[in-house]
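Engineer:
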Amino acid sequence: MNAPANVHSLEAVRDFRGSLIRFGEQATDCLDSLHGQVHRMIDWLEHDRPVYWQQQIRRGFDRVAEARLGLQRCQMRQVGDHRPACVEEKQALRRAKARLEYCQKKLEVVHRCQRVVEQEANQFRGHCGQVNGLLQRELPRMTGLLDRILVSLEAYVAIDAPAAAPPVVRDETTAAQEES
Amino acid sequence: MKVVDLHTPAAQLTDALVQLDAAWGQVRLSWNDPARHHFEDEHIAPITPTVRMTLDAINRLAEVLGRAERECIDEDR
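Going down the list, the sequences are from chains A and B. Heads up, the first sequence is in my numbering, so the first residue is 1 and it goes up one at a time. Heads up, the second sequence is in my numbering, so the first residue is 1 and it goes up one at a time.
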């Protein structure tokens, strides 16, 4: 014999069905937002950053050339035996070279980060498979099952004779297991 | 300004899970029979570990993306 139903509030079950649907919507929005953010990061690394650092490298070469010219001009300003130290010009050339080297290294870092992030993003998409299955298949199945449970319980409480055995609702998996 | 923010959607996903847990807690107070136990074991119980696993993956990814962002910005400017 089936065990008796023990539900004090059908309203609570109905409310939970609503909560389940809200959870599905919220979780789907979060995942969409996450995938959007990952896409944005990949776009930043593949388009924005290489363009930025290539521009900076070009500018860096120009500044090194300017600084070198400045130093040469300074060194030509020799008056008699006095040879100018050109301290500022030498510093400017050192700074320009250091900046150029920094920008060249950054472009290499960008290429490395592109590979790392792409790999991590692929792994993340793989991890999302299970939660996607939950949201796209399991939650609709659960709300359908709750609908059937609610219909059965409503029918049960509508029966005048309180001793009547309650209908038992099972999902498709359980039903298949019981039949086999 | 940060290029990406994975923490906000991760926090929203955590909130959604907490709300669902609380809602199920309310159901448990008024529904206690084999059908409820079956529904809980088969359908409700797997939700938390699945979402937690996703949150762990998000945290790992956020760390990698944050590091990449810091390494690729122009610190001289």
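Yeah, the Cβ is synthetic: ideal placement off N, Cα and C, and Gly gets one too.
Taking the alpha carbon of Asp147/A as the reference point, which residue from Ile21/A, Cys74/A and His8/A has its own alpha carbon closest?
Structural biologist: Comparing Cα-Cα distances from Asp147/A to each of Ile21/A, Cys74/A and His8/A, the minimum goes to Ile21/A.
Engineer: Sort Met142/A, Val79/A, Ile159/A and Arg137/A by Cα distance to Glu42/B and report the nearest one.
Structural biologist: Selected option, being the one with the closest Cα: Met142/A.
Engineer: Okay, do the region 11 to 31 of chain A and the region 5 to 25 of chain B touch, 3+ Cβ pairs below 8 angstroms being the bar?
Structural biologist: Contact between the region 11 to 31 of chain A and the region 5 to 25 of chain B is present, because at least three Cβ pairs lie under 8 angstroms.
Engineer: Against chain B, with Cβ distances strictly below 9 angstroms, would Met41/A count as a contact?
Structural biologist: Judged by the 9 angstroms Cβ criterion, Met41/A is in contact with chain B.
Engineer: Express the C-alpha separation of Gly129/A and Val4/B in angstroms, rounding to a whole number.
Structural biologist: Straight-line Cα distance between these residues: approximately 22 angstroms.
Engineer: Shortest alpha-carbon distance to Gln12/B belongs to which of Arg52/B, Leu65/B and His37/B?
Structural biologist: Nearest of Arg52/B, Leu65/B and His37/B to Gln12/B, Cα basis: Arg52/B.
Engineer: Comparing C-alpha positions only, which one of Arg112/A, Val51/A and Pro140/A sits nearest to Val64/B?
Structural biologist: Minimum Cα distance to Val64/B is reached at Arg112/A.
Engineer: Could you give the distance in angstroms between the alpha-carbon of Leu153/A and the alpha-carbon of Leu10/A?
Structural biologist: Roughly 8 angstroms between the two C-alpha positions.
Engineer: Mind listing the chain B neighbours of Ala12/A? Cutoff is C-beta to C-beta under 8 angstroms, in chain order.
Structural biologist: Residues of chain B passing the Cβ test: Gln26, Val27, Leu29, Ser30 and Trp31.
Engineer: Closer than 8 angstroms, Cβ to any Cβ of chain B: which residues of the region 20 to 42 of chain A, in chain order?
Structural biologist: Listed by position along the chain: Leu20, Arg22, Phe23, Gln26, Ala27, Asp29, Cys30, Leu31, Ser33, Leu34, Gln37, Val38, Arg40 and Met41.
Engineer: On the DSSP bridge assignment, give the partners of His82/A in chain order.
Structural biologist: Paired residue(s): Val79/A.
Engineer: What residues are listed by DSSP as bridge partners for Trp53/A?
Structural biologist: DSSP, once it has assigned bridges, lists no residue as partnering Trp53/A.
Engineer: Alpha carbon to alpha carbon, how far is Cys72/B from Lys106/A? Give it in angstroms, no decimals.
Structural biologist: Distance between the alpha carbons of Lys106/A and Cys72/B is about 6 angstroms.
Engineer: Do Leu61/B and Glu118/A have their CB atoms nearer than 9 angstroms?
Structural biologist: Contact flag unset, no.
Engineer: Does the beta carbon of His82/A come closer than 9 angstroms to any beta carbon on chain B?
Structural biologist: By this cut-off, His82/A is not an interface position.
Engineer: Quick one: is Ala164/A near chain B, going by C-beta distance under 9 angstroms?
Structural biologist: Confidence at Ala164/A is low in this model, with a pLDDT of 48, below 50, so the placement of that residue is unreliable and no value is reported for it.
Engineer: Give me whichever residues DSSP pairs with Trp31/B in a beta bridge.
Structural biologist: According to DSSP, which records beta bridges pairwise, Trp31/B is partnered with Val7/A.
Engineer: Check each residue of the region 86 to 103 of chain A: if its Cβ is closer than 8 angstroms to any Cβ of chain B, include it; give the result in chain order.
Structural biologist: Per Cβ criterion, the list reads Arg99 and Tyr102.
Engineer: Can you tell me whether DSSP reads Val131/A as helix, strand or coil?
Structural biologist: Three-state result, Val131/A: helix.
Engineer: Answer yes if the region 31 to 44 of chain A comes into contact with the region 68 to 78 of chain A, meaning at least three C-beta pairs across the two stretches below 8 angstroms, and no otherwise.
Structural biologist: They do not touch, by the three-pair rule.
Engineer: Report the residues of the region 116 to 139 of chain A with a CB closer than 8 angstroms to any CB of chain B, ordered along the chain.
Structural biologist: Within the region 116 to 139 of chain A, the qualifying residues are Val116, Val117, Glu120, Ala121, Gln123, Phe124, His127, Cys128, Gln130, Val131, Leu134 and Glu138.
Engineer: Taking the C-alpha atoms as reference points, what is the distance between Lys2/B and Ala98/A?
Structural biologist: Whole-angstrom Cα-Cα distance: 27 angstroms.
Engineer: Could you check where the alpha helix (DSSP H) with Pro140/A kicks off and where it finishes?
Structural biologist: Note, Pro140/A: alpha helix (DSSP H), Leu139 to Ala158.
Engineer: Can you find a C-beta in chain A that's less than 9 angstroms from the C-beta of Glu40/B?
Structural biologist: Chain A contact via Cβ: absent.
Engineer: Please report the Cβ distance between Phe124/A and Val27/B, rounded to the nearest whole angstrom; I am assuming they are in contact, meaning their Cβ atoms lie under 8 angstroms.
Structural biologist: Not really, about 33 angstroms apart at Cβ, beyond 8 angstroms.
Engineer: Val13/A and Leu150/A: beta carbons closer than 9 angstroms?
Structural biologist: Yes, these two residues count as a Cβ contact at 9 angstroms.
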